[in-house]
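Residue numbers (this note's numbering): 2 to 505.
We treat Cβ as the ideally placed atom computed from N, Cα and C, and that holds for glycine.
None of the values given here were measured: they were computed from a predicted structure.
Just below is one structure, and these are the notes that go with it.
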Amino acid sequence: MPSNASFQPERGCHAGRPALPWTGFRGRPSPPQPPETPLSTAQQDLTTAPIPVLIRRLAIPASIAFLFNTMYNVVDTFWAGRLSTTALAALSLSFPVFFVLLAMGSGFSTGVTALVGNALGADRRRDAARIASQGLLTSTGVAVVVMTAGFLAVEPLFRLLGADGEYLAICLAYMQTILLGAFLPLTSFMLNGILNAQGDMVTYRNFLIGATVLNLVLDPWFMFGGLGLPAMGIRGVAVATLVAQAGGIVYVGRRAWATGLLHRSEGAMWRPHWPTLRDIFTQGVPASLNMMTVALGIFIITWFLSRFSENAVAAYGVATRIEQLVLLPTVGLNVATMSIVAQNSGAGRFGRVRSTVRTALGYGAVVMVFGSALVYFGSDALMGLFTDDPEVIATGGHYLRIAAFVEYAYVLLFVNTSALQGLKMPAFALWIGLFRQIAAPPLIFWLLAHVLGWGLDGIWWGVFGTTWSAAIIAVWYARRQTDRLAAREAELDAVLRDPAAAAE
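Structure (structure tokens):
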């Protein structure tokens, strides 16, 4: 991290000239505000520090956080399997419902990151404080809705998915416990969004490392009992999750409070402010729905694969887990891109926005050269780590050799959509998600697999085609937007350098 003396920016401005005017919420000029407390160097860096340095500083801890988030889920799966096969199946069956909770939390957190980052970049710290406090109010309201709707829908949904008897009881024991504490993960997500907007990726990383270690202890203790606690079975896995989330709120909340955004929020800022809430929902709802399209996309491809064989479904499930692990180092690039873009967008530094996207894509290309090579040449060996079924290994290995040429498309897609979210353009991510996950796959899978007679290969090449087409559209649209904004910035520079020439 650069020293404090290295970067002392004039907030919201370029060297020697004012920023493009920030119009506050919904395009309305913000009212005059009292002098702001200077930001810390860590917060200021996002609009002044060298972009490659920033991306490395933000992306590495964010990627580590996602790694430990994955490990956290592995711990739950491991201990549920030790309880019983039914408990393990219940955990899997509960995932679609739990995914809705994650999508809501992650989506609204993304919206708050974009809004707070833009406000800080424009030197509107009071606006940023209002967004932060209203974001926490939003997480509470969303939690109430999710909890209520979940309790009403979860039993019919599990029955629809085929659960009954003891299987249904175990599913309900886990999911209803999670729903009772829905406000905990949603609040944790929101606090992290506030920190991400200021370039702090380390706090949430530390929380997830600690939560994973804690989960290793709490899962077996709560499931099987001991030291005065009764055995809770699968409910113990849910309770362990909520305890870890509660601890995370204390730790992450203290760090968010220390930034000054929350404790500078007067009492009035904690009352509903409808224009701000509207902006949060405008940013958060598309991001949440975009995540939900992923679940629908998984259902669609699974349905097509099930027409071929159970082994095809199993092979795809294992192969996608391998892809997720290979892509893990690039996940931090998405978070870093959005945080840097948001602040530089607010500061009117759109040249830096464009450079951020290009640099992130460059880093992603380097990582994916090695990742794709690993997937292509090690496909069968990687499959063998998860299954010993020869047919599943052969099917999944063949898919991975095709997928090796798709991995960079995911980087292109996710980095560019993250940049657009940082620019407060969240709708694109939803529309491209609907295209990639829901609209295009059924048509392309049917055409390639059945009309052209490619069989199972038609599904694999369909994934290739839909992903690359979405990536190309994302690159084109994001470049168009960033080039337009950078041109505005250049025009303003020209006016300020030579007002007389501009007037002519």
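Alpha carbon of residue i to alpha carbon of residue j, nearest angstrom
i: L55; j: D280; result: 27 Å
i: N417; j: E167; result: 46 Å
i: P97; j: A129; result: 33 Å
i: T294; j: F415; result: 14 Å
i: P157; j: S93; result: 17 Å
i: L187; j: V452; result: 45 Å
i: L121; j: A395; result: 52 Å
i: A288; j: G229; result: 44 Å
i: W477; j: Q325; result: 25 Å
i: F309; j: L457; result: 7 Å
i: Q45; j: T357; result: Here the model assigns Q45 a pLDDT of 49, short of 50, so the residue's position is not dependable, and the following value carries that caveat. For Q45 and T357, the distance between alpha carbons rounds to 16 Å.
i: R236; j: D77; result: 11 Å
i: G363; j: E392; result: 37 Å
i: G463; j: V75; result: 30 Å
i: S140; j: Q422; result: 19 Å
i: A241; j: M369; result: 36 Å
i: F159; j: C172; result: 8 Å
i: A348; j: N119; result: 7 Å
i: T86; j: A245; result: 25 Å
i: E408; j: Q344; result: 29 Å
i: D389; j: A405; result: 22 Å
i: R83; j: P231; result: 17 Å
Residue i, DSSP secondary structure in three states
i: P36; result: Unreliable placement is indicated for P36, whose pLDDT of 40 sits below 50; no coordinate value is reported for it.
i: G194; result: helix
i: L230; result: strand
i: W461; result: helix
i: W455; result: coil
i: M426; result: coil
i: M339; result: helix
i: Q199; result: coil
i: G318; result: helix
i: L329; result: helix
i: L262; result: coil
Own chain, CB closer than 8 Å to residue i, minus 5 neighbours either side, in chain order
i: A90; result: Y168
Neighbourhood of residue i by C-beta distance below 6 Å, restricted to the same chain and skipping five residues each side
i: I323; result: L383
i: Y317; result: L306
i: V332; result: S64, F67
i: W455; result: L449
i: G365; result: T331, L334, V412
i: M202; result: L59, P62, A63
i: F69; result: L209, I210, T213
i: R256; result: T204
Opening and closing residue of the alpha helix (DSSP H) in which residue i lies
i: H399; result: 391–404
i: P97; result: 86–122
i: M293; result: 275–307
i: I235; result: 235–259
Sequence-distant residues of the same chain with beta carbon closer than 7 Å to residue i, five excluded per side
i: G106; result: P186, L187, F190
i: F208; result: G249, Y252, V253
i: L375; result: V327
i: A475; result: L413, L414, N417, T418, I433
Meets three-Cβ-pair contact criterion under 8 Å: the region 191–205 and the region 130–143: yes
Stretch pair the region 461–480 + the region 425–437: three plus CB contacts closer than 8 Å: yes
Inter-stretch contact at 8 Å, needing at least 3 Cβ pairs: the region 168–180 / the region 208–224: no
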